Amino acid sequence: GENVEQHPSTLSVQEGDSAVIKCTYSDSASNYFPWYKQELGKGPQLIIDIRSNVGEKKDQRIAVTLNKTAKHFSLHITETQPEDSAVYFCAGPFGNEKLTFGTGTRLTIIP
Amino acid sequence: GAGVSQSPRYKVAKRGQDVALRCDPISGHVSLFWYQQALGQGPEFLTYFQNEAQLDKSGLPSDRFFAERPEGSVSTLKIQRTQQEDSAVYLCASSLMGNQPQHFGDGTRLSIL
Numbered sequence: 002g003e004n005v006e007q008h009p010s011t012l013s014v015q016e017g018d019s020a021v022i023k024c025t026y027s028d029s030a031s032n033y034f035p036w037y038k039q040e041l042g043k044g045p046q047l048i049i050d051i052r053s054n055v056g057e058k059k060d061q062r063i064a065v066t067l068n069k070t071a072k073h074f075s076l077h078i079t080e081t082q083p084e085d086s087a088v089y090f091c092a093g094p095f096g097n098e099k100l101t102f103g104t105g106t107r108l109t110i111i112p
Numbered sequence: 046g047a048g049v050s051q052s053p054r055y056k057v058a059k060r061g062q063d064v065a066l067r068c069d070p071i072s073g074h075v076s077l078f079w080y081q082q083a084l085g086q087g088p089e090f091l092t093y094f095q096n097e098a099q100l101d102k103s104g105l106p107s108d109r110f111f112a113e114r115p116e117g118s119v120s121t122l123k124i125q126r127t128q129q130e131d132s133a134v135y136l137c138a139s140s141l142m143g144n145q146p147q148h149f150g151d152g153t154r155l156s157i158l
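Line by line, the protein sequences are chains Z and A. Numbered by my numbering, the letters in the first sequence go through residues 2 to 112 in order. Numbered by my numbering, the letters in the second sequence go through residues 46 to 158 in order.
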């Protein structure tokens, strides 16, 4: 199956600083890349997604960049706030409707 | 509410018992997915429906797992003769159609004693 590597597995950031999480994949046919945020006891919440016809997408403090040649995509969170603390997952359909998830990044914002 | 609803939120069963988990997708969503999430890991695909048709069940771990969506709306995931390794959070997601954003419920946490 598709292999998705996500780094780092844990990330601690001072409040107000930026956080970057990166995922790499191997299936060049993939064309849709969502990011999910999961808080304790909750289901994954879609926070941003990107399709392969664009290289970057922004939504307020959150942005996603895609490099199809290098087969990696990254989540950028600027001006981090305590409520950004959660586990973040990258994912992709990689040619199918079902999602394959990365291994997750536990983000902690230090007040 | 307008989101995906799952019930029960928590289920405790003894090894060997059968369990049934329910998912109410977002109204009008054609596609419905079940995922299994072990502690500390990402969700893993179990099965996929388009309306009432089960198009992919390649992720179901054994023939003890069975899913249905008879009227193309509500879905039930059934696990027969539960084992301890079945303990996990079972997540349901729905999307307007295939390859559209998937929206998740809060899951059912299943514990097998």
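Idealized CB from N, CA, C, for every residue including glycine. Bear in mind the structure is a predicted one, so any value in this text is a computation, not a measurement.
Contacting positions in the segment 55-89 of chain A - beta carbon closer than 9 Å to chain Z
S76, F78, Y80, Q82, G85, Q86, G87, P88, E89
Beta carbon proximity, A/F110 to chain Z, threshold 8 Å
no
Residue nearest to A/P88 in terms of C-alpha spacing, selected from A/Y135, A/D131, A/S107
A/Y135
Given this structure, state the Cα-to-Cα distance separating Z/A92 from Z/P35, to the nearest angstrom.
6 Å
Write down every uninterrupted run of the beta strand (DSSP E) in the segment 50-100 of chain Z whose length is 3 residues or greater and which is fully enclosed by it, in chain order.
57-60, 63-68, 73-78, 87-93
Can you check which of these residues, A/N144, A/Q86, A/A83, A/F90, is closest to A/A112 by C-alpha distance?
A/F90
Say whether chain A places a C-beta atom closer than 8 Å to the C-beta of Z/P9.
no
Only counting the same chain, and skipping five residues up and downstream in sequence, which positions put a Cβ closer than 6 Å to that of A/F94?
L77, R114
Alpha carbon of Z/L76 to alpha carbon of Z/T106, nearest angstrom:
11 Å
Decide if Z/L67 is buried, meaning its Cβ has at least 16 other Cβ atoms within 10 Å, or exposed.
buried
Opening and closing residue of the beta strand (DSSP E) in which A/S156 lies
153-157
Alpha carbon of A/Q147 to alpha carbon of Z/N32, nearest angstrom
15 Å
Exposure of A/D108, with buried meaning 16 or more beta-carbon neighbours within 10 Å
exposed
Under 8 Å between the Cβ atoms of A/D151 and A/Q51?
yes
State the CB to CB distance for the pair A/W121 and A/R54, rounded to an integer number of angstroms; the pair is presumed to be in contact (CB under 8 Å).
Position check: residue 121 of chain A holds Thr in this sequence, whereas Trp was assumed. Not really, about 16 Å apart at Cβ, beyond 8 Å.
Local Cβ density within 10 Å of A/Q82, reported as buried at 16 or more and exposed below that
buried
Taking C-beta pairs closer than 7 Å, name the residues in chain Z that A/G117 reaches, listed in chain order.
None at all; the shortest Cβ gap to chain Z is about 16 Å.
Contact set between Z/G44 and chain A, taken where Cβ atoms lie within less than 7 Å:
L136, F149, G150, D151, G152
Just the chain A side, please: which residues come within less than 9 Å of Z/G105 by C-beta, in chain order?
G85, Q86, G87
Going by DSSP, which residues form a beta bridge with A/E116?
Bridge partners of A/E116: none, in fact.
I'd like to know whether the C-beta of A/P146 is nearer than 8 Å to at least one C-beta of chain Z.
yes
Which same chain residues, not among the five before or five after A/Q99, have their C-beta less than 8 Å away from its C-beta?
T92, Y93, A112, E113, R114
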